[in-house]
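Worksheet: one structure, shown below.
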DNA sequence: ATAATTTGTTAGACTTGTCTAACAAATATA
DNA sequence: TATATTTGTTAGACAAGTCTAACAAATTAT
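Chains as they are written, first to last, in the working numbering: chain A, -14 to 200; chain B, -14 to 200.
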């Protein structure tokens, strides 16, 4: 039986592997809020089960088996988020933490029913793609708002941070998913960004621009 | 933090306490599928936390605090069952096992939303009362179909077994919640029961009649 | 009332997932 | 390059929740 901890490690390793930096022990430690030696012993166990590959002092990568399991959990997480928003009436900034719990429900029927009710959805409420039953993800070609040239107009299609704090901030400044964003100006020093959304000009910090995915 | 195991022990002790026989170690052991010494050590821990009262070789009873916690879990279980049936389209025979998992979700918001969507429901799909936010249960005065005199007609309002096997059986023989049941005859030897439901006469075993609650 | 059976208890071991303390390797800095 | 810092590893401890083996109390049957 797959344990809660195991699912969380696989998911975290998967998510870290998506960044260029890759999944290192210290990053996992920070992400999972667990001390370094714990990471070490857990990753050793996952390696014994052939879920991750791992050489001392190098980072971790998921085996095919590990990746499949990670994607199953991610599928459940994202389906749940969409269900919570669409069917239960939650706001997009409220659903992440609840989905972190619900994703560990074992019953496949429960999630198949969500999938049915939502008619095989492709994206969660934060614009992240929902893996299909076989773990396939649509190829997306997203860019960071932080890297778009001045003068261009892009469409805001996803966030890379689903925390309530960040999403509430976006709502407060009037930026919502699928808005068109025009880059007016960027401060070279710190990446401070002047943008126009719905004819209104606002300023975003570089950090925020790093979390907004556009196409 | 309340653990999964703790919640399951409290719920099981609560449920067993509802029977005349009370909650004994061996009954708990059977119900939770756990060996007797495990029950012993766990109940000791629950007693340390003042959730159950317990004297050696006597049964267990919940303290007020323990009962409150048990009823919280039962509330979540029954709300979930109704949500699964009413909102997600599951059959009443499919929901018990899923609810056993969902009931342990911590987020209070999740269940408040269910409660809202279902408009403060009073009964789950098996006719069991849903405790309110304060743990209050409506006083019900139910009888076992097994104990009704011959000739009477009663209304089927709840089952005491929500297993898929039992509920599927009831569906198969054409008995559904809120049917009117007339007692035609009862075999003294084994309680075999002849009943009339929707103008059709059927025969139920004594065991089944013990699991049907009527008023 | 004694023996047999059932039920409950104690002792001690094991697994999972976590920790702290001490040390080692790799990387960055002077 | 030598040293300091950061990152990773090993060893060993601990809590939660489970088990088996051995024994004790309570209950039932003879």
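Ideal Cβ placement from N, Cα and C applies to all residues, glycine included. Quantities reported herein were computed from a predicted structural model and do not represent experimental measurements.
(message) Measuring straight from C-alpha to C-alpha, what distance separates residue 47/B and residue 17/B?
(response) If you number the second chain from 1, residue 47/B lands on position 62. If you number the second chain from 1, residue 17/B lands on position 32. Using only the alpha carbons, I get a separation of about 17 Å.
(request) Might you give, ordered along the chain, the residues of its own chain that have their beta carbon closer than 7 Å to the beta carbon of residue 190/A, omitting 5 neighbours on each side? (result) Looking up residue 190/A in the first chain gives position 205. So the list reads 177, once near-sequence residues are dropped.
(message) Suppose contacts are defined by Cβ-Cβ distances below 8 Å. Is residue 202/A in contact with residue 169/A by that definition?
(response) The structure shown does not extend to residue 202/A, since chain A spans only -14 to 200, so no value can be given for it.
(request) Starting from residue 139/A, follow its DSSP beta bridges and name the residues at the other end. (result) Translated into positions along the first chain, residue 139/A becomes position 154. The partner list for residue 139/A (beta bridge, DSSP) reads 166/A.
(request) May I ask you to list, following chain order, the residues of the segment 72 to 91 of chain B that have a beta carbon less than 8 Å from some beta carbon of chain A? (result) 72, 73, 74, 75, 79, 82, 83, 86, 87, 90 and 91
(request) Pull out every residue of the segment 94 to 125 of chain B whose Cβ sits closer than 9 Å to any Cβ of chain A, in chain order. (result) 94, 95, 98, 99, 101 and 102
(message) Since residue 31/A and residue 24/A should fall inside the 8 Å C-beta cutoff, what is the C-beta to C-beta distance between them, to a whole number of angstroms?
(response) Here residue 31/A is taken as the residue at index 46 of the first chain, counted from 1. Here residue 24/A is taken as the residue at index 39 of the first chain, counted from 1. Not confirmed; about 10 Å, so no contact.
(request) Please go through the segment 20 to 98 of chain A and give each complete alpha helix (DSSP H) segment of 4 or more residues, from N-terminal end onward. (result) 21 to 33, 49 to 71 and 80 to 87
(message) Only counting the same chain, and skipping five residues up and downstream in sequence, which positions put a Cβ closer than 6 Å to that of residue 130/B?
(response) Indexing the second chain from 1 puts residue 130/B at position 145. Closer than 6 Å at the Cβ level, and outside the excluded window around residue 130/B, lie 194, 197 and 199.
(request) Let me know if residue 147/A comes out buried or exposed under the rule of 16 or more other beta-carbons within 10 Å of its beta-carbon. (result) Mapped onto the first chain, residue 147/A falls at position 162. By the 10 Å Cβ count, residue 147/A comes out buried.
(message) Can you look up residue 127/B in the DSSP assignment and give me helix, strand or coil?
(response) Position 142 of the second chain, counting from 1, holds the residue named residue 127/B. Residue 127/B: coil per DSSP, three-state reduction.
(request) Can you have a look at residue 76/A and say buried or exposed, based on whether 16 or more other CB atoms are within 10 angstroms of its CB? (result) Working through the first chain from its first residue, we reach residue 76/A at position 91. Looking at its Cβ environment, which holds fewer than 16 other Cβ atoms inside 10 Å, residue 76/A is exposed.
(message) Counting C-beta neighbours from all protein chains within 10 Å, is the total for residue -1/B 16 or more, i.e. buried, or is it exposed?
(response) Counting from one through the second chain, the residue named residue -1/B turns up at place 14. Answer is buried; the Cβ neighbour count reaches 16.
(request) Could you check the C-alpha separation between residue -14/B and residue 78/A for me, to the nearest Å? (result) Counted from its first residue, the second chain places residue -14/B at position 1. Counted from its first residue, the first chain places residue 78/A at position 93. Using only the alpha carbons, I get a separation of about 25 Å.
(request) Determine the DSSP secondary structure at residue 185/A, reduced to helix, strand or coil. (result) Here residue 185/A refers to the residue found at position 200 when the first chain is read from its first residue. Reduced to three states, the DSSP call for residue 185/A is strand.
(request) Within 10 angstroms of the Cβ of residue 110/B, are there 16 or more other Cβ atoms? Answer buried if so, exposed if not. (result) Along the second chain, one-based indexing puts residue 110/B at 125. Classification for residue 110/B: buried.
(message) Quick test of your reading: residue 66/B and residue 84/B, contact by CB under 8 Å. State the CB separation rounded to the nearest angstrom.
(response) Numbered from its first residue, the second chain carries residue 66/B at position 81. Numbered from its first residue, the second chain carries residue 84/B at position 99. So it is a contact: roughly 5 Å between Cβ atoms.
(message) Using a Cβ-Cβ cutoff of less than 7 Å, which residues in the same chain neighbour residue 108/A once the five nearest sequence positions on both sides are dropped?
(response) Within the first chain, numbered from 1, the residue matching residue 108/A stands at position 123. Here the set comprises 114 and 115.
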